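>
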Amino acid sequence: MAKTKTVFFCQNCGAQYAKWQGQCTSCKEWNTIAEEVVQKAEKSDWKTATTASKINKTAKPLRISEIDTSQEARYNTEDAELNRVLGGGLVPGSLTLLGGEPGIGKSTLLLQISLKLPYKTLYVSGEESQKQIKMRAERITSKTDNCLILTETKTQNIFRQIEAIDPDIVIIDSIQTLHSDYIESSAGSISQIRECTTELIKFAKETATPVLLIGHITKDGNIAGPKILEHMVDTVLQFEGDRNHVYRILRALKNRFGSTSELGIYEMQGSGLREVTNPSEILISKKDEELSGTAIASTLEGMRPLMIEIQALVSTAVYGTPQRSATGYNLKRLNMILAVLEKRAGFRLGAKDVFLNITGGISVDDPAIDLAVVAAILSSSEDIPIPKEYCFAAEVGLAGEIRPVTRVEQRIQEAEKLGFSTIFVSKYNKISLQNTKIRMQLVAKIEDVVEYLFG
């Protein structure tokens, strides 16, 4: 019998040590190193004759011009938002990791997709029974009967079922519940997560079967397990949202087959997640009368233009020290803009509280919303509402100049489509649009904007 080998792993970052020590030298955390038993057993491969026909057994180097990609068409997930975030669909042989807060809707999203897929899909759950999944599926309208449900946590048994039914797509809920016989530590440990992911990667690459994994997250918001888990997979998706709101945001943190700046928006309903094809409907408040302190900005998330509402509140500092607070916007950039308004435009905001909020619960780092932030702050300070048919798309520089932004024509077209009459842009933008109904107000300095809006 082989000698039992123990290895010490940091439970925070996954660093490996030969013996125990108090502090991890990689992440500098204390008391996070734990002993795990690693069994060096002879591994029997998951491959059998069932899948042998799909595997290229003779791996040899090829010139890049000789590699055939004609058969590598993406799988359509029948979900426009997920397709956009993935870059066009699921790539054969890819591993996709979906992380998010507990109860945010990760399992609902993937179960809903598996019920809509026209491909044979195996949904493996280590957290719920088949009856629980059936109860959830009954709330979701299923178009096909191609989804097979398996409740199992041992990877060897999962691969045995995969060989028997030969699915086109595999979904694992979740990677932290799986365990392999080749590692003696408990499920969810560093070594188990790494071993199970390695087995799934080998399966996915050799059979060209896409695998979707659900991952738990820690209290810090990071995906639980070793950081190498995110390096091993091809795509890392983050499912975000507030349980107090019905809207969920799906964004790509890593994508080997597409852009990482795309955004998908869903609405949580009793019958599942609804795709939000027009995000401006949730990002712009519906109000009957014009209120001061609000301005509409045109921003971009990946290839998608969005119209978002900026809300600002400027009030006298009660306690002597003015407060600066921003939700969904960089606080340091807000301080910079306030300094520009104080120095260049002559507004005395140094003794006032300033609160800024981006509606809809999203975070935006696009500098093109700077001018809308300025307009909202000045509107609240002067208590003069900005006409609701006005919108803004420009960056503000430290000298008070209005700087041009990228893809301004796409922003203008989105504003025109949503019924805005005037958009404020930099006069230094090169715009070649013809026959547009929206009026483009070209401005060069903050003073021009102030004079036009507030006289």
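Each residue of the sequence shown is one higher than the one before, starting from 0 at the first, in numbering that gives the first Met the number 0.
Cβ coordinates follow ideal geometry from the N, Cα and C atoms, glycine included.
A quick note: this is a predicted structure, and the numbers were derived from the prediction, not measured.
#1: Could you tell me the distance, in whole angstroms, from the CA atom of Glu408 to the CA atom of Asn329?
#2: Report yes if the C-beta of Ile437 is less than 7 Å from at least one heavy atom of the ligand MN; otherwise report no.
#3: Given a cut-off of 8 Å, decide if Arg402 and Glu413 are closer than it, judged by their beta-carbon atoms.
#4: Considering only C-alpha positions, which residue in the set Asn156, Ile168, Leu211 is nearest to Leu94?
#5: With a cut-off of 8 Å, do at least 3 Cβ pairs link the region 224 to 239 to the region 117 to 134?
#6: Does the Cβ of Pro101 have 16 or more other Cβ atoms within 10 Å, making it buried, or fewer, making it exposed?
#7: Taking the alpha-carbon of Ile361 as reference, which of Ile383, Val339, Gly327 has the nearest alpha-carbon?
#8: From Ser380 to Leu337, what does the alpha carbon distance come to, in whole angstroms?
#9: Could you compute how far the alpha carbon of Arg247 sits from the alpha carbon of Leu262?
#10: Taking the continuous beta strand (DSSP E) assigned at Asp172, which residues delimit it?
#11: Would you call Gly21 buried or exposed, if buried means 16 or more other Cβ atoms sit within 10 Å of its Cβ?
#12: Who are the near neighbours of Leu459 in its chain, counting only those whose CB is closer than 6 Å to its CB and skipping five residues on each side?
#13: Taking the Cβ atom as the reference point for each residue, do Ser279 and Met302 lie within a distance shorter than 8 Å?
#14: Alpha carbon to alpha carbon, how far is Leu97 from Gly214?
#15: Candidates Glu415, Ala294, Phe256: which alpha carbon is nearest Asn82's?
#16: Compare the Cα-Cα distances from Val534 to each of Arg135, Gly359, Lys130 and report the closest residue.
#17: For the candidate residues Glu65, Arg406, Val317, Ile157, whose alpha-carbon lies nearest to that of Ser431?
#18: Are there 16 or more other CB atoms within 10 angstroms of the CB of Tyr451, so buried, or fewer, so exposed?
#19: Have a look at the DSSP bridge pairing and note the partners of His178.
#20: In angstroms, rounded to a whole number, what distance separates the CA positions of Ile170 and Ser185?
#21: Going along the chain, which residues of its own chain have a beta-carbon closer than 7 Å to the beta-carbon of Ser188, five neighbours each way excluded?
#22: Pull up the distance between the alpha-carbon of Lys351 and that of Leu149, whole angstroms please.
#23: Need the endpoints of the alpha helix (DSSP H) that Asn329 sits in, please.
#24: For Asn11, which of helix, strand or coil comes out of DSSP?
#25: Pick out the complete beta strand (DSSP E) segments inside the region 268 to 334, 3 residues or longer, and give them in chain order.
#26: Report yes if the C-beta distance between Ile164 and Leu110 is below 8 Å; otherwise report no.
#27: Within 10 Å of its beta-carbon, does Cys23 have 16 or more other beta-carbons around it, so buried, or fewer, so exposed?
#28: Can you give, in chain order, each stretch of the beta strand (DSSP E) that sits fully within the region 331 to 374 and has at least 3 residues?
#29: Could you spell out where the alpha helix (DSSP H) holding Ile66 opens and where it closes?
#30: With a 10 Å radius around its C-beta and 16 neighbouring C-beta atoms as the bar for buried, classify Pro386 as buried or exposed.
#31: Report, in whole angstroms, the separation of the C-beta atoms of Ala325 and Leu312, which I expect to be a contact under 8 Å.
#32: Once DSSP output is grouped into helix, strand and coil, what is the label at Glu383?
#33: Would you decide whether Lys285 is buried or exposed? Buried here means 16 or more other CB atoms lie within 10 Å of its CB.
#34: Where Asp78 and Arg343 are concerned, what is the direct C-alpha to C-alpha distance, given to the nearest angstrom?
#35: How far does the beta strand (DSSP E) with Glu451 in it extend, from its first residue to its last?
#36: Just list the residues that DSSP pairs Glu394 with in beta bridges.
So, from the listed chains and residues:
#1: 25 Å
#2: With respect to small molecules bound, the structure shown includes none, and the ligand MN cannot be examined in it.
#3: no
#4: Leu211
#5: no
#6: exposed
#7: Gly327
#8: 12 Å
#9: 10 Å
#10: 168 to 172
#11: exposed
#12: There is simply no residue 459 to check, as the chain begins at 0 and stops at 454 in what is shown.
#13: no
#14: 6 Å
#15: Phe256
#16: Because the chain spans 0 through 454 in this model, residue 534 falls outside it and cannot be assessed.
#17: Arg406
#18: exposed
#19: Lys153
#20: 22 Å
#21: Glu35
#22: 59 Å
#23: Asn329 -> no alpha helix (DSSP H), and no H or E assigned at all.
#24: coil
#25: 271 to 274, 293 to 300, 303 to 315, 323 to 326
#26: no
#27: buried
#28: 351 to 357
#29: Careful: Ile66 lies outside any alpha helix (DSSP H) and carries neither H nor E.
#30: exposed
#31: That belief does not hold up - the Cβ atoms of Ala325 and Leu312 are roughly 11 Å apart, past 8 Å.
#32: Correcting the residue type first, residue 383 is Ile in the shown sequence and not Glu. Correct three-state label for Ile383: coil.
#33: exposed
#34: 48 Å
#35: Note that residue 451 is Tyr in the sequence shown here, rather than Glu. Careful: Tyr451 lies outside any beta strand (DSSP E), inside the alpha helix (DSSP H) at 445 to 453.
#36: Arg402
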